[in-house]
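Peer 1: If you're matching them up, the sequences are chains A and B in order.
Counting from 1 along the first sequence, just add 369 to a position and that's the residue number in the numbering used here.
Counting from 1 along the second sequence, just add 189 to a position and that's the residue number in the numbering used here.
Glycine is no exception: its CB is placed at the ideal position from the N, C-alpha and C atoms.
Can you keep this structure in mind? I'll have questions shortly.
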Amino acid sequence: MLFSISHHTKLNYSEPISESVMEVRVMPRTDDRQVLRQFAIKVTPDIKAFHHTDWLGNAVHQFSVINSHQKIVISTNCVVETRPTRESLGELTAPLEGLIRDHRSRDFLQCHGQVNNDPTLAVLAAKIGLNKVRSVGEAIDIVTRCTRELIVYRMGATRSSSTVSDILQVGAGVCQDFTHLSLALLRRVGLPCRYVSGYLHKPGVPELQTHAWGEAFVPGVGWLAFDPTHAQLANEAYVTVAIGRSYADVPPNRGVFRRVAKENLEVSVTMKPIDTRARLTPYSTASDHPSVASTARATQPWHVLGEQASAGESQRNALFQPLGHSPGKRVLTPAHRSLESPVVLDLRVSRP
Amino acid sequence: MDLNSYALDDSSYDEMFAHGGDIRPLYSALAKRLNDFGVNEFAARQRMVELLLRNQGVTFTVYSDAAGIEKVFPFDPIPRLVTAEDWSFVERGLIQRTEALNLFLGDIYGPQRILEDKIVEPELIYDAGFYRREMVGFVPPGGVYTHVVGTDLVRDANGNFLVLEDNARNPSGVSYVLGCREVLKRVFRVLFDQYGVRPVDQYTDWLRETLEEVAPGGIKEPNVVVLTPGIYNSAYFEHSFLARQMGVPLVEGCDLVVDNGCVNIRTIEGLKRVDAIYRRIDDDFLDPMVFRSDSVLGCPGLFAAYRSGKVTIANSPGTGICDDKAIYPFVPDMIRYYLGEDAILPNVPTYIAARPRDQKYIVEHIEELVVKQTDASVIDNGPETFLRDALGCASQASSMLQRSYSLS
Numbered sequence: 370m371l372f373s374i375s376h377h378t379k380l381n382y383s384e385p386i387s388e389s390v391m392e393v394r395v396m397p398r399t400d401d402r403q404v405l406r407q408f409a410i411k412v413t414p415d416i417k418a419f420h421h422t423d424w425l426g427n428a429v430h431q432f433s434v435i436n437s438h439q440k441i442v443i444s445t446n447c448v449v450e451t452r453p454t455r456e457s458l459g460e461l462t463a464p465l466e467g468l469i470r471d472h473r474s475r476d477f478l479q480c481h482g483q484v485n486n487d488p489t490l491a492v493l494a495a496k497i498g499l500n501k502v503r504s505v506g507e508a509i510d511i512v513t514r515c516t517r518e519l520i521v522y523r524m525g526a527t528r529s530s531s532t533v534s535d536i537l538q539v540g541a542g543v544c545q546d547f548t549h550l551s552l553a554l555l556r557r558v559g560l561p562c563r564y565v566s567g568y569l570h571k572p573g574v575p576e577l578q579t580h581a582w583g584e585a586f587v588p589g590v591g592w593l594a595f596d597p598t599h600a601q602l603a604n605e606a607y608v609t610v611a612i613g614r615s616y617a618d619v620p621p622n623r624g625v626f627r628r629v630a631k632e633n634l635e636v637s638v639t640m641k642p643i644d645t646r647a648r649l650t651p652y653s654t655a656s657d658h659p660s661v662a663s664t665a666r667a668t669q670p671w672h673v674l675g676e677q678a679s680a681g682e683s684q685r686n687a688l689f690q691p692l693g694h695s696p697g698k699r700v701l702t703p704a705h706r707s708l709e710s711p712v713v714l715d716l717r718v719s720r721p
Numbered sequence: 190m191d192l193n194s195y196a197l198d199d200s201s202y203d204e205m206f207a208h209g210g211d212i213r214p215l216y217s218a219l220a221k222r223l224n225d226f227g228v229n230e231f232a233a234r235q236r237m238v239e240l241l242l243r244n245q246g247v248t249f250t251v252y253s254d255a256a257g258i259e260k261v262f263p264f265d266p267i268p269r270l271v272t273a274e275d276w277s278f279v280e281r282g283l284i285q286r287t288e289a290l291n292l293f294l295g296d297i298y299g300p301q302r303i304l305e306d307k308i309v310e311p312e313l314i315y316d317a318g319f320y321r322r323e324m325v326g327f328v329p330p331g332g333v334y335t336h337v338v339g340t341d342l343v344r345d346a347n348g349n350f351l352v353l354e355d356n357a358r359n360p361s362g363v364s365y366v367l368g369c370r371e372v373l374k375r376v377f378r379v380l381f382d383q384y385g386v387r388p389v390d391q392y393t394d395w396l397r398e399t400l401e402e403v404a405p406g407g408i409k410e411p412n413v414v415v416l417t418p419g420i421y422n423s424a425y426f427e428h429s430f431l432a433r434q435m436g437v438p439l440v441e442g443c444d445l446v447v448d449n450g451c452v453n454i455r456t457i458e459g460l461k462r463v464d465a466i467y468r469r470i471d472d473d474f475l476d477p478m479v480f481r482s483d484s485v486l487g488c489p490g491l492f493a494a495y496r497s498g499k500v501t502i503a504n505s506p507g508t509g510i511c512d513d514k515a516i517y518p519f520v521p522d523m524i525r526y527y528l529g530e531d532a533i534l535p536n537v538p539t540y541i542a543a544r545p546r547d548q549k550y551i552v553e554h555i556e557e558l559v560v561k562q563t564d565a566s567v568i569d570n571g572p573e574t575f576l577r578d579a580l581g582c583a584s585q586a587s588s589m590l591q592r593s594y595s596l597s
C-alpha cells in the first residue's frame, strides 16, 4: 500500500527559552517491508535540520534554535510504500531449542533498561502457555495474542520511562508498554526481538498518534513484525520509523534547552492511502501540501528529499545497517564518509 | 656520589648496573658525572628542580590526600638512557600495535569479523562498559580512533621491552615529560653534554598537525580546541599546558554550542566554528543527549555533529574497549589477524582466570602473579570461586593475572 503521512510535533514553552538542541527520529526506514519514497522535514522557527544515521540504522535529524523562542514546530511529510506481509506463522516451525544466535543478536536477546527481567514473568509466561512452546512460530503467536490477557490498555497509567516491572505493577499501559512486555517475554525464551516505533493506519480515523510494536528475528526469514496491542501480526498498514532495544533507543524527539520553562507537547499524525497507480509529484513547494499550507510561509525553503531509488539492497537478514564500511583487512584508508542513508538524497529547495 | 651502597636486585633488570655490579658502558659517562657531584650538591639541585616545577605549576591531583590535593610532580632527576637502536625497535613495535588497535576498533564498530572468526569472545565486547554502541556504523576520518595512545612499557629481567598496558581513552602524562625536560636542562645541564639527547619539544607541533589533519575535509585552516572538564580535574595542568603550547583555545563544555549542524565556540565576536576537538573528557560526559544525561561537562548535540562528519573528536568515543584489561591478552592475536605479523613488542605473559586451560598454571604459580580485575560484568561465578579458592580470599569475577615484574 502507498501512504501519505504527515507528522506534526508542537512544543510550547511557558517562558522564553534559548539554545534548544534537539534530535528527532521521524523518517521512516527502508527495509524488507517498506520503501520510503519521499520525505520532507520542516522546522519552525526557520532552522535547517541536519541528519545522520544512528548505530541502529535509524535516521536522526538534529537542529538547534539558538535565539530566544517559545515555540518549536517540527513537521514532516512523507510517502511510504509498504509491501504485502506474511499472513500466518504456520510454516515457522524452527525449534526454539538450539536456535543459532549470531553475536549481533546479543543486544536484542538481553533484558536491558526498561525491558527488565521481572521475577513475575515466569508465572505470567506459564499463564499464557509460553513455557510449553517448542517452535519460533508458536512463541511469536502466543505472545502476540496473549499479552493483552496480562495487562489492559489504559492511558495515563504509565510513563515513557516505565519499566516492565512498573507496567506489571499497575497492570495497564499503552502500546509502548504492551510492546515492552512482549519483548521481555520473548527474550526469556531466547528469541531476539526489538522495539519498533512507527505509524498504523486505521481507516476512518482522521488523526492518530504514533504506534509501537515488536519484531522478532526468525532465521531464514528475517525480522517478523507483530503487534501485541492489537493481537495481530503487522500488515501493510504498519509503517516503521525506527527500531531499537526499547523505547529509550528511539525517542521520537529528545533535546535540551537553556533557561527554565514548562514544556507542552502536542503530536498529531495523519495517514492517507494513495492510489498506487498515482504518479508521485516531488515535494517542491510548501503550498503543495494541504496539511501544512496553513502553517508554512511561502518564502520558507523546505528541506526536501528527492524520490527514492528502489531499494535494491534490502536488509534481508541483517540485524544492522552498517554504513560507510570498506571491506578488506586494512581499514586505515581515507575516510569513507557516506553518512547519509544509501538511497536518500538531501536537496535544499529554495523559493525564488 | 657514593654508588657503592646501591642495592642490586638480580631478579630484575637494572638500567645502570649489569648483573654482577659493573656499570653498563652506556651509563659510564653519566655515572662519572654523578660521582663528580657531592651528595650535598646533588641534593641542592634536586630541591631546585622541585622549586622550578612548583613555580611552573607542574602538579597533579591526589583526591584522597587530606593534607592537600595538589602535589608537585615527583621527578627523579637521574635520567634513564634509551639508545637510538632500542628506541627505534620500540617505535616500530608501538606503531604496529597502535595500527592493530585501530583496525580492531574499526572492525568491532563495523563488520565485526574478529568476532565472526571467533578470535575474541563476543561477551568481552558486548558486556564491556566501554563498548559504545553509539559508534557502530561510523568510520571516523582516516579510520583513526586513537590519535593519542599512552602505552606502558616494562623491561623483563633480560632487558627486553614488554607492553604492560595500553591507555587509549584519555591518556595523560606527556606534559610532565615536556615540563620536566625543560627543568632538567636548566638544572642539570651538564648531564646533556656527553649524550646526543633527542629533543621532545616538537610534540605539541605534531599534536596540532595531527588534529588539523583529521579535521573534516576541505577546510583550509581548521580550528582546533582542547576540551577540558575544568580546574578540578587531576590533569588540568596538562590540558592548559598543551593548549598553550599548541596555541589553541582551552574550552569547557559550556563554551561550546552546536548551531547549524556544527560545533561552535562562543567568542566575543560571536560563534566561531570548531573543526577538531582534542577532548580530555571521558565518553560518559561528552554529550548529555547521548551519554550521561546528567553531565554538565559536555556539549549537547556534539555527538550528532560528530557522526554527521561536521567535527572531529580525538580520541574517538568508544576507544576504551581496546585498552580494556579483558582485551589486552588478545592484542598479539589482533596483530596477527589484521596485519599478518607477529607482535614486535610482546605482552607481559597473562593468564585469564575465566579460561580453564589457564587455571592450572594460575593455581601453581599464584605467588608470582599480579591479580587484576577486568571490567566485564558477572557472567558466571566460575572464575570468582576458582580464584577465591586459589587465593584464599574474596575477589571479583573474571580476574586476569599477570606475571609480576619490578619496574626498573
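If B:A218 and B:M205 are in contact, beta carbons under 8 angstroms, what's the gap, nearest whole angstrom?
Peer 2: Not quite, the Cβ-Cβ distance comes to about 12 angstroms (not below 8 angstroms), so this is no contact.
Peer 1: How do the stretch 350 to 362 of chain B and the stretch 494 to 510 of chain B stand: do at least 3 beta-carbon pairs fall below 8 angstroms, yes or no?
Peer 2: With a cut-off of 8 angstroms, the stretch 494 to 510 of chain B and the stretch 350 to 362 of chain B count as touching, because enough Cβ pairs lie within range.
Peer 1: Is there contact here, the stretch 520 to 533 of chain A with the stretch 583 to 595 of chain A, by at least three beta-carbon pairs under 8 angstroms?
Peer 2: The stretch 520 to 533 of chain A is not in contact with the stretch 583 to 595 of chain A.
Peer 1: Give the straight-line distance between the Cα atoms of A:R475 and B:R322, rounded to the nearest whole angstrom.
Peer 2: Distance between the alpha carbons of A:R475 and B:R322: 12 angstroms.
Peer 1: Could you give the first and the last residue of the continuous alpha helix (DSSP H) run that contains B:N224?
Peer 2: Note, B:N224: alpha helix (DSSP H), 217 to 225.
Peer 1: Any Cβ of chain A within less than 8 angstroms of the Cβ of B:C493?
Peer 2: It should be noted that the sequence gives Ala, not Cys, for residue 493 of chain B. With 8 angstroms as the cut-off, B:A493 counts as an interface residue toward chain A.
Peer 1: Would you call B:I457 buried or exposed, if buried means 16 or more other Cβ atoms sit within 10 Å of its Cβ?
Peer 2: Counting Cβ neighbours within 10 Å, B:I457 comes out exposed, since fewer than 16 surround it.
Peer 1: Between A:A409 and A:N446, which are expected to be in contact by the criterion C-beta below 8 angstroms, what is the C-beta distance as a whole number of angstroms?
Peer 2: Correct: roughly 5 angstroms between the Cβ atoms.
Peer 1: Under the three-state reduction of DSSP, which class applies to A:Y568: helix, strand or coil?
Peer 2: Strand at A:Y568.
Peer 1: If you draw a straight line from the C-alpha of A:V629 to the C-alpha of A:E384, how long is it?
Peer 2: Answer to the nearest angstrom: the Cα atoms are 7 angstroms apart.
Peer 1: Report all residues from its chain with a CB closer than 7 angstroms to the CB of B:R496; omit the five preceding and five following residues, and keep chain order.
Peer 2: Hits under 7 angstroms: F327.
Peer 1: Are B:T335 and B:L400 closer than 8 angstroms when you measure CB to CB?
Peer 2: No, these two residues do not count as a Cβ contact at 8 angstroms.
Peer 1: Since A:F477 and A:K641 should fall inside the 8 angstroms C-beta cutoff, what is the C-beta to C-beta distance between them, to a whole number of angstroms?
Peer 2: Actually they are not in contact, since the Cβ atoms of A:F477 and A:K641 sit about 33 angstroms apart, beyond 8 angstroms.
Peer 1: Can you name the start and end residues of the beta strand (DSSP E) that B:I153 belongs to?
Peer 2: For chain B, the structure presents residues 190 to 597; residue 153 of chain B sits outside this window and is missing.
Peer 1: What are the partner residues of A:Q403, as DSSP defines its beta bridges?
Peer 2: DSSP, once it has assigned bridges, lists A:T451 as partnering A:Q403.
Peer 1: Along chain A, which residues have their Cβ under 8 angstroms away from the Cβ of B:Y315?
Peer 2: Correct list: H472, R475, D476.
Peer 1: For B:V389 and A:S444, I'd like the C-alpha separation in whole angstroms.
Peer 2: The alpha-carbon atoms of B:V389 and A:S444 are separated by roughly 56 angstroms.
Peer 1: Indicate whether at least one CB of chain B lies closer than 8 angstroms to the CB of A:H377.
Peer 2: So no, A:H377 is outside the interface.
Peer 1: Just to confirm the assignment, what range does the alpha helix (DSSP H) spanning B:R269 have?
Peer 2: No alpha helix (DSSP H) contains B:R269, which DSSP labels as neither H nor E.
Peer 1: Look at the alpha carbon of B:T508 and the alpha carbon of A:G498, and state the distance between them as a whole number of angstroms.
Peer 2: Their backbone Cα atoms lie some 45 angstroms apart in a straight line.
Peer 1: Strictly below 9 angstroms CB to CB, what residues from chain B border A:G624?
Peer 2: Here the neighbours are M478, P489, G490.
Peer 1: Leaving out the 5 sequence neighbours to the left and right, which residues in its chain are closer than 7 angstroms to B:F377 when beta-carbon positions are compared?
Peer 2: Result list for B:F377: R234, P266, in chain order.
Peer 1: To the nearest angstrom, how far is it from the Cα of B:V343 to the Cα of A:T516?
Peer 2: Rounded to the nearest angstrom, the two C-alpha atoms are 59 angstroms apart.
Peer 1: Could you tell me the alpha carbon to alpha carbon distance between A:G538 and A:R556, rounded to whole angstroms?
Peer 2: Note that residue 538 of chain A corresponds to Gln in the displayed sequence, not to Gly. Going by the C-alpha atoms only, they are around 20 angstroms apart.
Peer 1: Spatial neighbours of B:L439 within its chain, please: CB distance less than 7 angstroms, with the 5 preceding and 5 following residues excluded, ordered by chain position.
Peer 2: Excluding sequence neighbours, B:L439 sits near V415, T417, H428, S429, A432.
Peer 1: Terminal residues of the continuous beta strand (DSSP E) containing A:V434?
Peer 2: First-last of the beta strand (DSSP E) with A:V434: 428 to 434.
Peer 1: Does the beta-carbon distance from B:L242 to B:F262 come in below 8 angstroms?
Peer 2: Yes, they are a contact pair.
Peer 1: Assign A:Q545 to one of two classes, buried (16 or more other C-beta atoms within 10 Å of its C-beta) or exposed (fewer than that).
Peer 2: Buried is the call here.
Peer 1: Cβ closer than 9 angstroms: which chain B residues qualify as neighbours of A:S433?
Peer 2: Within 9 angstroms Cβ-Cβ: V446, V447, D448, N449, G450, P489, G490.
Peer 1: Within 8 angstroms, do at least three Cβ pairs link the stretch 419 to 435 of chain A to the stretch 605 to 617 of chain A?
Peer 2: Flag = yes, the stretch 605 to 617 of chain A and the stretch 419 to 435 of chain A touch.
Peer 1: Taking only the alpha-carbon atoms, compute the straight-line gap between A:A494 and A:T462 and give it to the nearest angstrom.
Peer 2: Whole-angstrom Cα-Cα distance: 20 angstroms.
Peer 1: Counting only Cβ-Cβ distances shorter than 7 angstroms, please list the residues of the stretch 406 to 422 of chain A near chain B, keeping chain order.
Peer 2: Listed by position, the residues of the stretch 406 to 422 of chain A near chain B (Cβ gap below 7 angstroms) are K417, F419, H421, T422.
Peer 1: Exposed or buried, what is A:H377 when buried is set at 16 or more other beta-carbons lying within 10 Å of its beta-carbon?
Peer 2: Result: buried.
Peer 1: Where does A:Q789 fall in DSSP's three states?
Peer 2: Residue 789 of chain A lies beyond the residue range present for chain A, which begins at 370 and ends at 721; the question has no answer from this structure.
Peer 1: Does A:R685 have its Cβ less than 8 angstroms from a Cβ in chain B?
Peer 2: Here A:R685 scores only 24 on pLDDT, less than 50, and its place in the model should not be relied on; the value that follows carries that caveat. By this cut-off, A:R685 is not an interface position.
Peer 1: Apply the 10 Å Cβ neighbour rule to B:C369 and answer buried if 16 or more other Cβ atoms are within range, or exposed otherwise.
Peer 2: Answer is buried; the Cβ neighbour count reaches 16.
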